[in-house]
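Read the structure below first, then the notes.
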DNA sequence: AATCTGAGCTTTACCGGTTAACTGAGGACT
DNA sequence: AGTCCTCAGTTAACCGGTAAAGCTCAGATT
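Protein chains in written order, with UniProt numbering: chain D, 1 to 346; chain R, 1 to 346.
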């Protein structure tokens, strides 16, 4: 039981089993060319010696890896705050774990760095494929990474993701549903606190929001772009509520901001939902535990992540996947939305 | 600008620069043996060809990698729920990003699998070091991984982590502070909803809790072990509140359970904090946005993760690090704690 | 009897780097 | 002039696997 410092390699296993390296390799990759008896002997020796093929060496010579890459281009701090990402990652991991794969995670400051990381990872066959998130309009990653041959799945609307198979939610319909719901409750002045303006899905939601407002003949609606965090959500809410024609309902792009908005409303003397209705997005646990509870456009983010991973494996497997849509976030009314002030309940 | 399929390797760079592979390698590793002029020429060619050393190949021959490993042995779903982990990971990433390192993340079902993964990763020099978390008492990873030579830092009290440099918070003191605070508010029956019994820090907290209760002469205190999730937190709270000698204050092992507990209390007709005081742990955003806001034992989890990563780099660098303690969680009183029912305020 | 076949291995050439050992030229020192 | 260094590089072995090509031999085919 001594901890011998020598690393046991395929050569040791081969020698011990009385065969060549090649035979061991064949056996371990379940390829024909070794008899059942030899195969078993090899496995026995490997077990005895505690050997398993080195994935580094294997990936160098055979280009096969069991790692998939995820590069995130967001401030580290925000990751910890947003429930979305961890839930998404846990969904991915749930599928990777089934296949004994790991996730290589990297944080970068900008998209150029992200592109460089993907190039490098793929060049050296460090990863078998990648998951691309947070698409911008005219995203620079599309021209930079297309044609690399990197198997990748894109999280975002197909209009943004270029040649990469996309997995997305129909944000436009969801936004429309949200606005219609609020309009049905009698709200005429509805505002929206969105994510960063350059993010593709923010733009899609913004457009859908404006369109629906116009279509329903509501008052000209204000939208504010933010950085997704608590503070900006609070500030945006304050700005909206201080305006002369303050909204009676606000739709948020995530739940952190919605909850922060509820705090601001309370602090400014507005009662939710009597004076003001709030509608969150993503519906993590947060929404269920506030008082009042948060109405939200909810979808299963964990499942979303899992679906993305599943599609990625199809792509890696060579399938000509077109990508696909996961269920549209659906309205989950809770305690933060109510008929507009001065409206008969419908 | 054509997407030539051929991968550019060190050989191409060498040929183009008119030197040998060795010279390119020396230049890129900033080792002596090439003149400044040649070095520059090599770099220029590399830039022109878009070449960077393949980390796979490098790690095979030189054992140098810029990836660190983290294996988590928890249900995937829970990861997405607990604010702790993402915040912790984001702290780690903040330090890794500074050094252009990545995190290799893997989810496993049990500790045996975790041990196997670490062995494999380290054997093949897939990782430069690892972060070990969630220590049990007599943790099987300690005997299994010690003597491997794997640079690792352990998150947990040194009494649990064996030879691995530990980074930990002084949970015992924190628990004592929590109980003292509640006692000072006049609470005589204090209960605790803890994490899984086999987790080292749960045991430490349980012991400290019992000790402090005894020391202060409080009523015999009930402690319930749970799986850290919302549902179990709710159930434990219900159990406690249904008992004849129900507590007037409850300390939780994370904030999810505390918040779930608040919901149960409300649903059972207890007013927090008038009838019942609740004290959370970890203090994520959750605690600031509930009504009433949650008093908590708070610490900076992001910073904790960063510190762990920093220590790991020291260990990888060969330093003989002893590990160290990060600030003890400190009491942040908010709206969920108040004098015990029928007590004069102090 | 000569040839073909295929199962079961072995050999050998990589994969893309690193590194120890070696070479050759120029300069300093004796 | 001869010896010794040092610098700047080259060569070749090696890291731990994979994979294509080659070899051997028993049994089937003609």
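Note that beta-carbon positions come from the ideal geometry of N, C-alpha and C, so glycine has one too.
Residues of chain D with CB under 7 Å from residue i, in chain order?
{"i": "residue 87 of chain R", "result": "80"}
{"i": "residue 102 of chain R", "result": "104, 105, 106"}
Express the C-alpha separation of residue j and residue i in angstroms, rounding to a whole number.
{"i": "residue 108 of chain D", "j": "residue 80 of chain D", "result": "15 Å"}
{"i": "residue 300 of chain D", "j": "residue 255 of chain D", "result": "14 Å"}
{"i": "residue 346 of chain R", "j": "residue 186 of chain R", "result": "The predicted model places residue 346 of chain R with a pLDDT of 47, which falls under 50 and marks its position as unreliable; any figure quoted below should be read in that light. Approximately 8 Å, taken between the alpha carbons."}
{"i": "residue 143 of chain D", "j": "residue 78 of chain R", "result": "37 Å"}
{"i": "residue 132 of chain R", "j": "residue 153 of chain R", "result": "6 Å"}
{"i": "residue 210 of chain R", "j": "residue 111 of chain R", "result": "29 Å"}
{"i": "residue 1 of chain D", "j": "residue 30 of chain R", "result": "Low local confidence applies: a pLDDT of 39 at residue 1 of chain D is under 50, so the model's placement there is unreliable, with the coordinate-based value given in what follows. Approximately 41 Å between the Cα atoms of the pair."}
{"i": "residue 266 of chain D", "j": "residue 273 of chain D", "result": "10 Å"}
{"i": "residue 98 of chain R", "j": "residue 7 of chain D", "result": "32 Å"}
{"i": "residue 165 of chain R", "j": "residue 46 of chain D", "result": "32 Å"}
{"i": "residue 27 of chain R", "j": "residue 61 of chain R", "result": "17 Å"}
{"i": "residue 4 of chain R", "j": "residue 305 of chain D", "result": "Its pLDDT being 47, under 50, residue 4 of chain R is placed unreliably in this model, and the value from its coordinates should be taken loosely. Answer to the nearest angstrom: the Cα atoms are 33 Å apart."}
{"i": "residue 203 of chain D", "j": "residue 172 of chain D", "result": "10 Å"}
{"i": "residue 49 of chain D", "j": "residue 13 of chain D", "result": "7 Å"}
{"i": "residue 336 of chain R", "j": "residue 95 of chain D", "result": "39 Å"}
{"i": "residue 82 of chain D", "j": "residue 55 of chain R", "result": "32 Å"}
{"i": "residue 183 of chain R", "j": "residue 205 of chain D", "result": "51 Å"}
{"i": "residue 208 of chain D", "j": "residue 121 of chain D", "result": "37 Å"}
{"i": "residue 136 of chain R", "j": "residue 117 of chain D", "result": "36 Å"}
{"i": "residue 214 of chain R", "j": "residue 201 of chain R", "result": "20 Å"}
{"i": "residue 59 of chain D", "j": "residue 319 of chain D", "result": "21 Å"}
{"i": "residue 231 of chain R", "j": "residue 40 of chain D", "result": "47 Å"}
Give the C-beta separation of residue i and residue j to the nearest angstrom, bearing in mind that I take them to be a contact with Cβ-Cβ under 8 Å.
{"i": "residue 297 of chain D", "j": "residue 331 of chain D", "result": "6 Å"}
{"i": "residue 240 of chain R", "j": "residue 191 of chain R", "result": "5 Å"}
{"i": "residue 257 of chain R", "j": "residue 233 of chain R", "result": "3 Å"}
{"i": "residue 102 of chain R", "j": "residue 74 of chain D", "result": "Contact doesn't hold; Cβ gap of about 15 Å is too wide."}
{"i": "residue 326 of chain R", "j": "residue 167 of chain R", "result": "6 Å"}
{"i": "residue 250 of chain R", "j": "residue 278 of chain R", "result": "6 Å"}
{"i": "residue 38 of chain R", "j": "residue 23 of chain R", "result": "7 Å"}
Check whether the Cβ atoms of residue i and residue j lie closer than 8 Å to each other.
{"i": "residue 328 of chain D", "j": "residue 169 of chain D", "result": "yes"}
{"i": "residue 70 of chain D", "j": "residue 134 of chain D", "result": "no"}
{"i": "residue 246 of chain D", "j": "residue 219 of chain D", "result": "no"}
{"i": "residue 264 of chain D", "j": "residue 290 of chain D", "result": "no"}
{"i": "residue 295 of chain D", "j": "residue 341 of chain D", "result": "no"}
{"i": "residue 66 of chain R", "j": "residue 128 of chain R", "result": "yes"}
{"i": "residue 194 of chain D", "j": "residue 225 of chain D", "result": "yes"}
{"i": "residue 308 of chain D", "j": "residue 286 of chain D", "result": "no"}
{"i": "residue 179 of chain R", "j": "residue 216 of chain R", "result": "yes"}
{"i": "residue 90 of chain R", "j": "residue 76 of chain D", "result": "yes"}
{"i": "residue 323 of chain R", "j": "residue 158 of chain R", "result": "yes"}
{"i": "residue 104 of chain D", "j": "residue 104 of chain R", "result": "yes"}
{"i": "residue 156 of chain R", "j": "residue 196 of chain R", "result": "no"}
{"i": "residue 85 of chain D", "j": "residue 86 of chain R", "result": "yes"}
{"i": "residue 57 of chain R", "j": "residue 124 of chain D", "result": "yes"}
{"i": "residue 68 of chain R", "j": "residue 312 of chain R", "result": "yes"}
Using a C-beta to C-beta distance shorter than 7 Å, which residues of chain R count as neighbours of residue i?
{"i": "residue 60 of chain D", "result": "56, 57, 60"}
{"i": "residue 118 of chain D", "result": "In chain order: nothing, as chain R lies at least about 12 Å away."}
{"i": "residue 185 of chain D", "result": "Ordered by position in chain R, no residue passes the 7 Å Cβ test against residue 185 of chain D, which lies about 23 Å from the chain."}
Closer than 8 Å by beta-carbon distance: list the chain D residues that pair up with residue i, in chain order.
{"i": "residue 108 of chain R", "result": "97"}
{"i": "residue 77 of chain R", "result": "90, 94, 302"}
| field | Contact list for the region 187-219 of chain D against chain R, Cβ threshold 9 Å | value | none
| According to a CB-to-CB cut-off of less than 9 Å, which residues of the region 280-293 of chain R neighbour chain D? | 284, 285, 286, 288, 289, 290, 291, 292
| message | So if I threshold CB-CB distances at 9 Å, which residues from the region 124-141 of chain D count as touching chain R? | response | Answer in chain order: 124, 125, 126.
| task | Can you give me, in chain order, the residues of the region 257-272 of chain D that have a beta carbon less than 9 Å from any beta carbon in chain R? | result | Answer in chain order: 259, 260, 262, 263, 266.
| Residues, ordered as in the chain, of the UniProt domain "HTH lacI-type" (8-62) of chain R that lie near chain D by beta-carbon distance below 9 Å | Taken in chain order, the members of the UniProt domain "HTH lacI-type" (8-62) of chain R whose beta-carbon sits within less than 9 Å of a beta-carbon on chain D are 8, 50, 51, 52, 53, 54, 55, 56, 57, 58, 59, 60.
| task | Taking a Cβ distance cut-off of 9 Å, strictly less, list which residues of the region 224-246 of chain R are near chain D, in chain order. | result | Those residues of the region 224-246 of chain R that come within reach of chain D (Cβ to Cβ, closer than 9 Å) are 230.
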